[in-house]
Amino acid sequence: MEKNSSRDIIAYKLYSQADSVKGYIRPVAEFDGKNYILLNANNFCASEKVFVTSAYDEIDTKYKSLELFKITIFESQFKNPDLPIERNCNFVTQGFKTTDLRPREFVEIILGELPDPNQPILDINYYPSTTYIYIVNNKNICFGPFKWEAIEDNEKLLLKRIDSPLPGRVLYNGNIFTAEFDELTENILPCKLPEGDRLYFTDLTNLHNNSKLTSMDYSSDEDIVTLFSKISKELNYNSKKADFLFLETQVKKIPKFNQKAILDKLPKFREISNENFNFKEDLVEAFEKFLRTNLGTKIVEEFINKNKDEYLKDIKYNSSAEIEYSLREKNLELEELTI
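This note's numbering applies: residue 75 is where the sequence shown begins, and numbers increase by one.
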């Protein structure tokens, strides 16, 4: 390598020196033209660090602890053999040489159980280092991708939908990929780092085009109701009572709706609607039983007494209307008799 030639690596911040503008970052990986390779003491630098000569405070402000970013580094021109190994860095950089790591480049793999989509909270031991993540459960099944949001002070993540397209096959809204984790090893980069071991997916085009990776529904109840409400509006389907056979028939007539990702959600929509209908019936029945109790009767009496004037007004109005209608009927009968 020529003197002072640059390299672009993936790294995360470590710590600053006393003046805060100088500090150290941890090299993680580098693209060799075909694949990402792990950087360590054997193939990079014995210190396993890069020295930031200026503007470290920019890195410290911009990135969270262990969050990955890209940075351009240079071979150091000033080496001091008297420095201890942990400070004797072969490479240097400046804090303004960073660029954000794109979600499509690196995705961290987190160990955990896939939560219920209606309450997508994931327990964690540490916060992820990438914008998007995949999850691997204790049965070695992989799920994702997800965006995430930290639930502060609880060591939990709120899983969210990804908000930018990833390369490879496109997922329908509400769906995620899943596969046996062992079937995806060619796209995994294990990283043994001083701050803890991490796993990453790289080459997401190849990953998402892997035939072993299949699509599965991960819609919440709200997602499904919203989806079919929109579809019903487009179909001008205004029935207040859901006729699922009719709805399914109409959906299948429209090519953009007649796809597995949507049809697979129909049974769940039926289940949600039935549960909602049963809940309303149970609520009405329970309320009727309550009104027949002594306390219920007392509440009704107090309500009527409090609104007596309104009730009397309604009764008078209705009685007056009935009397007027009856008089008109009688007058018509008299007219017919006199003809």
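For glycine and all other residues, C-beta sits at the position ideal for the given N, C-alpha and C.
Taking Cβ positions, are L175 and L140 nearer each other than 7 Å?
-> Here L175 is not near L140, since their CB atoms are 7 Å or more apart.
How long is the line joining the alpha carbons of Y86 and D131, rounded to whole angstroms?
-> C-alpha separation (whole angstroms): 13 Å.
Within the same chain, show all residues whose beta-carbon is closer than 8 Å to that of N419, passing over the 5 residues directly before and after it, in chain order.
-> Beyond the ends of the chain as shown, which are 75 and 413, falls residue 419; an answer cannot be given.
Terminal residues of the alpha helix (DSSP H) in which S128 lies = Here S128 belongs to no alpha helix (DSSP H); instead the beta strand (DSSP E) covers V124 to S128.
Compare the beta carbon distance of G248 and D297 with 7 Å and say whether it is the shorter of the two.
-> For G248 and D297, yes; Cβs fall inside 7 Å.
Between S285, R235, I183 and N228, which lies nearest to N192 when the distance is taken from Cα to Cα?
-> Nearest of S285, R235, I183 and N228 to N192, Cα basis: R235.
Measure the C-alpha to C-alpha separation of E122 and D134 and round it to an integer number of angstroms.
-> One C-alpha to the other measures close to 19 Å.
When we look at the beta-carbon of P177 and count the other beta-carbons within 10 Å, is it buried (16 or more) or exposed?
-> By the 10 Å Cβ count, P177 comes out buried.
Compute the beta-carbon to beta-carbon distance between I207 and I225, rounded to the nearest angstrom, for a pair I have assumed lies under 8 Å.
-> For a cut-off of 8 Å, the C-beta gap from I207 to I225 is around 15 Å, too long to register as a contact.
Residue closest to I195, alpha-carbon to alpha-carbon, out of V181, K221 and E182 = For the residues V181, K221 and E182, the minimum Cα distance to I195 belongs to K221.
The stretch 254-266 touching the stretch 158-165, judged by at least three CB pairs closer than 8 Å | No: fewer than three Cβ pairs fall under 8 Å.
Enumerate in chain order the residues of its own chain whose CB-to-CB distance from A253 is below 6 Å, with the five nearest sequence positions on each side excluded.
-> Excluding positions up to five away in sequence, the list reads C216, K286 and L287.
Cα-Cα separation, E149 to S80 | Taking the straight line from one Cα to the other gives about 7 Å.
Which whole runs of the alpha helix (DSSP H) in the stretch 269-341 are 4 residues long or more, in chain order?
-> With a minimum length of 4 residues, the continuous alpha helix (DSSP H) runs that stay inside the stretch 269-341 are 278-282, 295-308, 318-327 and 334-337.
Ordered along the chain, which non-local residues of its own chain (more than five positions away) have a Cβ less than 7 Å from that of L357?
-> Any answer about L357 is weak, because its pLDDT of 48 lies below 50 and its placement is not dependable; what the coordinates show is given next. Cβ contact annotation for L357 (same chain, cutoff 7 Å, sequence separation greater than five): none.
Within the same chain, show all residues whose beta-carbon is closer than 7 Å to that of D383, passing over the 5 residues directly before and after it, in chain order.
-> In its chain, beyond the 5 residues on either side, no residue has a beta carbon closer than 7 Å to the beta carbon of D383.
Quick one: is N98 buried, meaning 16 or more other Cβ sit within 10 Å of its Cβ, or exposed?
-> One detail in the question is off: residue 98 reads as Tyr in this sequence, not Asn. Counting C-beta atoms within 10 angstroms of its own C-beta, Y98 has 16 or more neighbours from the protein chains shown and is therefore classed as buried.
R402 (DSSP reduced to helix, strand or coil) = Helix.
Please classify T135: does DSSP put it in a helix, a strand, or coil?
-> Residue state, collapsed to three classes: helix.
Give every residue of the same chain whose Cβ lies closer than 8 Å to the Cβ of E223, excluding the five residues on either side of it in the sequence, and list them in chain order.
-> Counting only residues of its own chain and dropping the five nearest sequence neighbours on each side, E223 has a CB closer than 8 Å to the CB of L231, L232 and K234.
Tell me whether E459 is buried or exposed, calling it buried when 16 or more other Cβ atoms sit within 10 Å of its Cβ.
-> Outside the displayed span of the chain (75 to 413) sits residue 459, for which this structure offers no information.
C-beta contact flag for F255 and V210 at 7 Å = Against a cut-off of 7 Å, the Cβ pair of V210 and F255 comes out as a contact.
Can the beta-carbon of K153 be found closer than 7 Å to that of D82?
-> Not in contact: K153 and D82 (Cβ atoms no closer than 7 Å).
Who does P264 pair with in a DSSP beta bridge?
-> Answer is L273.
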